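K.L.:
Before anything else, here's the structure in question.
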Amino acid sequence: MAKEIQPKDTTRAMAYEFWMNAPNPMVTFFKTLDVTNLIKVSKRKHMKFNMLLDYCIGKSAVGVKEFYILPVGKQLIQYDTIAVNTIVKNKDGEVSSCDILYAENLDTYNKEYLKYTSQVAESCQDRDLSADSMVIGTSAIIDTEIDGAVGMNSGIFNNPFIIWGRYKKKWFKYYLTLSFQFHHTQMDGAHAGRFLANLQKEINSLK
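Positions -12 to 194 (my numbering) are the ones given, in order, by the sequence shown.
Here is the structure:
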């Protein structure tokens, strides 16, 4: 469920005043993660690496309350749930967008991920949950290694967005550099830093 709230009634009141009309209110952090455990779990459970990373992203976000508030137009919207978006290559060789509602249980999330990404790939129709959930956008550019990417500030799409490329191997560990873009009205750097720290923690603890 989504509802409009008054900025003055939230901890983001000052940020709303400062950043809602800023020419570029988006902030981008770059972070290199140790994804060794994610690869081990992927191989052991025969689960997709990107699905596992999306799951960890969702699990990391639910522990940061700022993720539940998002500027939409000139409004501040509060959500009860969080979803993670993934880009799907469809049957026409193009890309479609698929939102997956975060579920705490990994097996449940995996089933939903496989079900809906398959449907989107076959139908070539986007699955959009943004009316009811705060959606974290993701884009995996797995054909190449990248050091980072900065998303555009469209003034329309204010959702947090994460981009990554191919992971790299160094000695016996695997590393992945990603970029995390967020709207400064939604959160400050400290909140974004906490999310990224949570993400590394969740990757390490995944079983």
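Glycine included, each C-beta is placed from N, C-alpha and C at the ideal position.
In this text the structure is predicted, and so the values were computed from the model without any measurement.
Where does residue 129 land, buried or exposed, given buried means 16+ other C-beta within 10 angstroms?
P.N.:
exposed
K.L.:
In terms of DSSP beta bridges, what is residue 114 paired with?
P.N.:
By DSSP's assignment, residue 114 forms a beta bridge with 85.
K.L.:
Based on Cα-Cα distance, which residue from 173, 188 and 190 lies nearest to residue -1?
P.N.:
It is 173 whose Cα lies nearest to the Cα of residue -1.
K.L.:
So is residue 230 buried or exposed if we call it buried at 16+ other beta carbons inside 10 Å?
P.N.:
Coverage of the chain is limited to positions -12 through 194, which leaves residue 230 absent and any answer about it impossible.
K.L.:
Near residue 19, what residues of its chain come up, given a Cβ to Cβ distance below 6 Å and the 5 sequence neighbours on each side ignored?
P.N.:
Excluding residues within five positions, the ones whose Cβ falls inside 6 Å are 162 and 164.
K.L.:
Does residue 7 come out as helix, strand or coil in the three-state DSSP assignment?
P.N.:
coil
K.L.:
Pair every Cβ in the stretch 21 to 33 with every Cβ in the stretch 63 to 81, then say whether three or more of these pairs are closer than 8 Å.
P.N.:
no
K.L.:
Per DSSP, residue 13 is paired with what?
P.N.:
Here residue 13 is bridged, per DSSP, to 170.
K.L.:
For the alpha helix (DSSP H) that residue 37 lies in, which residues bound it at each end?
P.N.:
36 to 48
K.L.:
Can you check which of these residues, 95, 100 and 191, is closest to residue 71 by C-alpha distance?
P.N.:
Minimum Cα-Cα distance from residue 71 among the listed residues 95, 100 and 191 corresponds to 100.
K.L.:
Touch check for the stretch 87 to 103 and the stretch 133 to 149: three-plus C-beta pairs under 8 Å?
P.N.:
Judged by Cβ distances under 8 Å, the stretch 87 to 103 makes no contact with the stretch 133 to 149, as fewer than three pairs qualify.
K.L.:
Kindly confirm or deny that the stretch 184 to 193 and the stretch 46 to 59 touch, where touching means at least three C-beta pairs closer than 8 Å.
P.N.:
yes
K.L.:
Find the nearest neighbour of residue 131 within the set 125, 151 and 102, judged by alpha-carbon distance.
P.N.:
151
K.L.:
Going by DSSP in three states, residue 70 sits in which element: helix, strand or coil?
P.N.:
strand
K.L.:
Give every residue of the same chain whose Cβ lies closer than 6 Å to the Cβ of residue 16, excluding the five residues on either side of it in the sequence, and list them in chain order.
P.N.:
167 and 179
K.L.:
Among all the DSSP beta bridges, which residues are the ones paired with residue 121?
P.N.:
69
K.L.:
Is residue 57 near the ligand GTP, with its Cβ less than 7 Å from a heavy atom?
P.N.:
Among the ligands in the structure shown, none appear at all, so the ligand GTP cannot be discussed.
K.L.:
What separation, rounded to the nearest whole angstrom, lies between the Cα atoms of residue 62 and residue 124?
P.N.:
Distance between the alpha carbons of residue 62 and residue 124 is about 20 Å.
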